[in-house]
Every structure is written in structure tokens, then in C-alpha cells.
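Taking it in order: structure first as C-alpha cells, then the write-up.
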Amino acid sequence: SWSMAGFRAAKIAEIRAQVGSERVLCGLSGGVDSAVAAVLIHEAIGDQLTCVFVDHGLLRQGEAEQVVGLFREHYHIPLVHVDASETFMAGLAGVTDPEAKRKFIGGAFIDVFEAEAKKIGGVRFLAQGTLYPDVIESVSFTGGPSVTIKSHHNVGGLPARMNMALVEPLRELFKDEVRRLGVELGLPPAFVGRHPFPGPGLAIRIPGEVTREACDTLRKADAIYLDEIRKAGLYDAIWQAFAVLLPVRTVGVMGDGRTYEKVCGLRAVTSVDGMTADVFPFESAFLSRVATRIVNEVQGINRVVYDYTSKPPGTIEWE
Ligand code: XMP
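Here UniProt numbering is used: the sequence shown runs in plain steps of one and ends on residue 518.
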């Protein structure tokens, strides 16, 4: 019968067989999937693995510190922390189309990995935390014609010039299974229980042009929203919750002055695998509290709206 311990042992054997004595580079995104993949691969091949954490400037508040701390201090897994935010921000300037953003970010990640692989030398494999739903959603929408809904940046192979093969040990798993595997591997439950975070990060939560300023504004609103969710004891009941920053300004009034600032959208859904999702039914007092805090504490936002769309027809992310 199938067990997580059995899966772990089988995958470790499979990774060793695939990789032999070659070096592997694993991209850490800050999320749960890539962290679980890295720990599993480290168990299989030890110091043949180097992890690269790419800070694209599109992370949530405190995220870089958490991941780097966990890997360096707790696991002693070699980790290269690359601050590539200049490159990503420069490349995103003027880009407003959602697929163009995703394509650019996916390509820029590959460029960083390639540069790091060159520095290390002789790296034959790139490891990623790709899951089953990532594979499906990049190929076609369930039951429908073959239409790409969103090109998940971590799916679709590597450029031929790289002469590297992919190691994707989680490719058959759903999110809940990855979390169980993470616990099986000894990752802290609070870490594996974190909400999913997409590779393109905050870029796909800022419709329109992505700027450093917009990212900073969104990070603050998002942190307040998640803080209130944790305080209310709702974090684990929700599949994913996040704020989005709309490129729309509306009129408001604060004190005795007129304001003309941006709109913040709040999203929270329940789901089993991210393929379909239902809106999380917050009490209105909770949403009022969050809206008040965001408008009072975050400069640049004067209105907050709640997204009441299930998936389908909406997707979870806004882009
Ligand atoms: P959507 O927006 O397609 O999202 O309903 C379903 C789940 O996938 C996550 N997501 C991504 N994860 N790379 C990722 O690693 C991506 O490009 C990507 N796009 C969406 C999303 O956060 C949700 O959990």
C-alpha cells in the first residue's frame, strides 16, 4: 500500500539513479514546494546539491529572511542568496500584459540559475518544486479544449543551450501530499502549512505595470491582512489569502481632506488542490477591521474591496 515513507524512499532512490555523482542546482522560490523538493534532494545526494534563492523583489514581507534562515541555520544546506531585484524591476518596466510578465519572469529566473550554475561549474541538473496541478494548468484547462490559462513559469523545460536536465521529484503530487511529505522530512509544520505563493510573486498581484513603489505598498497591505487572519485564528482554515493592488485611483475623504489613491483588493479562498476554489466567508466585522487598518496604515491606498469570485470562473490569482 502507498505511504509517504515509501514515497520518500522511492524518490530518494530515483533521484540518486537520475543524478549519479553530478551536481544539482535547486531554485528556492520562498514557497513550500521548492523547500520540500530541496530537503528531499539533499537527503538523496547531500552536498552535491546547492540551493539558489532568487530575490526578485516580488516577495512578501519577511519572506527572504525566513527561507534563508531555515536553510542555512536549520538544515545547513548550502544556499546562495541572489539579490536580482534590479534586473527583475528593470525588465518589468512598462510591461502590463499578464502573460508577458510571466514569460519575462520565467526567463529571468533561468538566466540567474544559468549564471549561478556557471559559477559553481559542472552543474548538470536543475531541480524544481513543480507539482501536478502546475503541469496540468499550464497544458490545458480541465475538461475543456487545450487552452493555456496561465503559463506557470516553472513548467515547460529548459532552453537547449543550457545542457541541463530537470529534476522534479514532486511532479506527481498535489499540495496536501507535498505538505505531508514535508512533515515526513521533518520540516516545521508552520512552514509546510504556509499558503501557496506563486513563482512570479507580487508581479501577478499588481495588474498593470509593476514598480518598486507598488510592490512596497502591496507588501504592507498584504502583511496587515495576514496579520489579522492569524490573530483571528483563521490562517489554517484558508487555502490562500492575499491582497492585490489595483491600478485604479478613487476619491476618498480623510480628516478634512480629499484623497485620490489606489484600490486594494482582498482575496481568500478555500480549496483542496488549487484547481477549483470557493470564496472564504469572512464575517463582515473582520473585513471592516482589515479595511480600516489598511486605509489608515498604508499610504497610497484609500479603498478596500473583497473579491467574491469562486474558481471557476475566476482564477485564484488575478493574473
Ligand atoms: P490560479 O491563479 O491559476 O492559481 O487559479 C492556482 C494556484 O497556483 C498558484 N500559481 C502559481 N504557482 N507559479 C507557481 O508556482 C505560477 O506561475 C503560478 N501561478 C499561479 C496560485 O497561487 C494558486 O495557488
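Even glycine gets a Cβ: it sits at the ideal position worked out from N, Cα and C.
Everything numeric in this text was worked out from a predicted model, so none of it was measured.
Can you check which of these residues, the options, is closest to residue i by C-alpha distance?
i: arginine 418; options: Gly256, Gly230, Gly407; result: Gly256
i: glutamate 460; options: Leu278, Phe252, Val450, Lys302; result: Val450
i: methionine 363; options: Gly321, Val447, Ala289; result: Gly321
i: arginine 448; options: Gln498, Val391, Arg259; result: Gln498
i: asparagine 501; options: Tyr507, Asp472, Thr416; result: Thr416
i: proline 297; options: Gly219, Ala467, Lys349; result: Lys349
i: phenylalanine 479; options: Gly454, Val452, Phe441; result: Phe441
i: phenylalanine 373; options: Gly328, Asp426, Ser483, Arg404; result: Gly328
i: tryptophan 438; options: Gly356, Lys302, Ala467, Val266; result: Ala467
i: aspartate 310; options: Arg404, Glu412, Met361; result: Met361
i: arginine 393; options: Arg404, Val377, Ile405; result: Val377
i: glycine 245; options: Leu357, Ala263, Tyr274; result: Tyr274
i: phenylalanine 518; options: Ile211, Phe324, His351, Gly306; result: Note that residue 518 is glutamate in the sequence shown here, rather than phenylalanine. Of Ile211, Phe324, His351, Gly306, the residue nearest in Cα terms is His351.
i: glycine 356; options: Ile319, Gly306, Gly293, Phe287; result: Gly306
i: phenylalanine 324; options: Gly513, Glu336, Ala216, Lys302; result: Ala216
i: lysine 302; options: Val452, Phe287, Ile335; result: Phe287
i: valine 452; options: Leu486, Thr491, Arg429, Ile428; result: Thr491
i: glutamate 516; options: Leu486, Glu336, Glu371; result: Glu336
Provide the residue(s) that pair with residue i in DSSP beta bridges, ordered along the chain.
i: glutamine 439; result: Val468
i: methionine 474; result: Beta-bridge pairing links methionine 474 to no other residue.
i: tyrosine 459; result: Val450
i: phenylalanine 396; result: Answer is none; phenylalanine 396 lacks a bridge partner.
i: arginine 502; result: Val462
i: phenylalanine 252; result: Leu227, His280
i: arginine 492; result: Its beta-bridge partners do not exist; DSSP assigns none.
i: valine 366; result: Ala326
i: leucine 445; result: Val462
i: lysine 510; result: Ala476
i: arginine 222; result: Val322
Would residue i pass as a contact of residue j if the rule is Cβ separation under 9 Å?
i: valine 231; j: valine 251; result: no
i: alanine 236; j: leucine 369; result: yes
i: leucine 269; j: leucine 248; result: no
i: glycine 219; j: threonine 295; result: no
i: glutamate 242; j: leucine 384; result: yes
i: phenylalanine 308; j: glycine 454; result: no
i: aspartate 254; j: serine 284; result: yes
i: serine 476; j: serine 509; result: A small correction: the amino acid at residue 476 is alanine; serine does not occupy that position in the sequence shown. Yes; because the gap between Cβ atoms is below 9 Å, this pair is in contact.
i: leucine 445; j: valine 471; result: no
i: residue 520; j: aspartate 506; result: Given that the chain is displayed from residue 200 to residue 518, the structure contains no residue 520 and the question cannot be resolved.
i: threonine 469; j: alanine 436; result: yes
i: valine 443; j: arginine 404; result: yes
i: aspartate 375; j: glutamine 260; result: no
i: valine 494; j: valine 504; result: no
i: glutamate 262; j: phenylalanine 481; result: no
Got a sec? Which residues, its chain only, sit under 7 Å from residue i by beta carbon, not counting five neighbours each side?
i: alanine 402; result: Leu257, Leu291, Lys300, Ile304, Val409
i: valine 382; result: Pro388, Val391
i: leucine 278; result: Cys250, Phe252, Val267, Phe270, Arg271
i: proline 344; result: At proline 344, the pLDDT of 46 sits below 50, so the modelled position is not reliable and the matter cannot be decided from this model.
Tell me which same chain residues have a C-beta within less than 8 Å of the C-beta of residue i, skipping the five on either side of it?
i: alanine 326; result: Val223, Leu224, Cys225, Gly226, Ala236, Ala237, Ile240, Leu248, Leu365, Val366, Glu367, Pro368
i: glutamate 496; result: Lys419, Ile423
i: glycine 205; result: none
i: isoleucine 276; result: Ala237, Val238, His241, Leu248, Cys250, Phe270
i: valine 266; result: Leu227, Gly229, Ala234, Phe252
i: threonine 514; result: Ile348, Lys349
i: isoleucine 319; result: Arg222, Leu224, Thr249
i: isoleucine 214; result: Leu239, Ile240, Ala243, Ile244, Val366, Pro368
i: residue 150; result: The chain is shown from 200 up to 518; residue 150 falls before or after that span and cannot be answered.
CB of residue i to nearest heavy atom of the ligand MG: below 8 Å?
i: glutamate 367; result: In terms of ligand content, the structure shown lacks the ligand MG and carries the ligand XMP instead.
Ignore the nearest five residues each way along the sequence and tell me which others in residue i's own chain have a CB closer than 6 Å to its CB.
i: arginine 379; result: Met203
i: proline 511; result: none
i: cysteine 414; result: Leu401
i: arginine 457; result: none
Completely contained alpha helix (DSSP H) runs for the region 255 to 325, where each covers 4 or more residues = 262 to 268, 284 to 291, 297 to 319
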